[in-house]
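Novice: The structure under discussion is supplied below as structure tokens; questions concerning it will follow.
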């Protein structure tokens with residue numbers, strides 16, 4: 119086989135590997151770019167990590183939940199608050215399923231949603247979610 123063909127095959131295989139990163143590598147990359155302040159790159163990796171976690175682990179796995187949390191943080195940092203709201207609602211739902219209604223994880227998710235509503239100046243939803251955190255059985 120000619121050298122040119124071998125080099126082409128090697129480069130092709132290398133490019134396939136770089137496009138098929140698994141969840142841990144994607145998650146590490148998004149954290150790296152976020153810490154570097156490169157939020158556009160972090161967002162690309164966060165979205166890819168979410169899709170990968172969803173297909174590798176399923177929607178009720180802790181790694182999918184971590185991916186959603188990271189994506190919400192990046193959305194929040196970029197000022198994409200409506201997108202962050204949808205993700206934070208999903209996180210609360212998953213935390214309720216995974217850890218239960220009286221868990222710290224569920225309360226934290228509701229608190230994060232309430233803080234987002236504070237940023238959005240949505241007092242009605244803010245009050246609702248903070249009430250759920252303080253008195254979960256009340257509502």
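In my numbering, the protein residues as written are 119 to 257. Where a beta carbon is used, it is the ideal one built from N, C-alpha and C, also for glycine.
Would you check if the distance between the CB atom of residue 209 and the CB atom of residue 187 is smaller than 8 Å?
Specialist: Inclusion of residue 209 and residue 187 in the CB contact set at 8 Å is warranted, their separation being smaller than that value.
Novice: So for residue 189, helix, strand or coil by DSSP?
Specialist: Helix at residue 189.
Novice: What does the Cβ neighbour count give for residue 219, buried or exposed, with the cut at 16 atoms within 10 Å?
Specialist: exposed
Novice: Taking the C-alpha atoms as reference points, what is the distance between residue 140 and residue 155?
Specialist: 23 Å
Novice: Please work out which residues of its chain come closer than 7 Å, Cβ to Cβ, to residue 230, disregarding the five sequence neighbours upstream and downstream, and give them in chain order.
Specialist: Contacts found: 206.
Novice: Kindly indicate the opening and closing residues of the alpha helix (DSSP H) around residue 161.
Specialist: 157-175
Novice: Below 8 Å CB to CB, which residues in the same chain sit around residue 134 once its five sequence neighbours on both sides are set aside?
Specialist: Summary for residue 134: the model assigns pLDDT 42, below 50, so the residue's position carries little reliability, and this model does not support an answer.
Novice: If we ignore side chains and look at the alpha-carbon of each, how far apart do residue 145 and residue 170 end up?
Specialist: Straight-line Cα distance between these residues: approximately 10 Å.
Novice: Taking the alpha carbon of residue 213 as the reference point, which residue from 160, 193, 224 has its own alpha carbon closest?
Specialist: 224
Novice: Determine whether the beta carbon atoms of residue 234 and residue 199 lie at a separation below 8 Å.
Specialist: Between residue 234 and residue 199, the C-beta gap is smaller than 8 Å, which places the two residues in contact.
Novice: Sorted by chain position, which residues of the same chain lie with C-beta nearer than 6 Å to residue 183's C-beta, five sequence neighbours on each side aside?
Specialist: 212
Novice: Whole angstroms is fine: what's the gap from residue 195's alpha carbon to residue 157's?
Specialist: 8 Å
Novice: Checking contacts by CB at 8 Å: is residue 215 closer than that to chain D?
Specialist: Note that chain D does not occur in the displayed structure, where there is just one protein chain.
Novice: Taking the beta carbon of residue 197 as the centre, do at least 16 other beta carbons fall within 10 Å, making it buried, or is it exposed?
Specialist: exposed
Novice: Just mark residue 190 as buried or exposed, buried being the case when its beta carbon has 16 or more other beta carbons within 10 Å.
Specialist: buried
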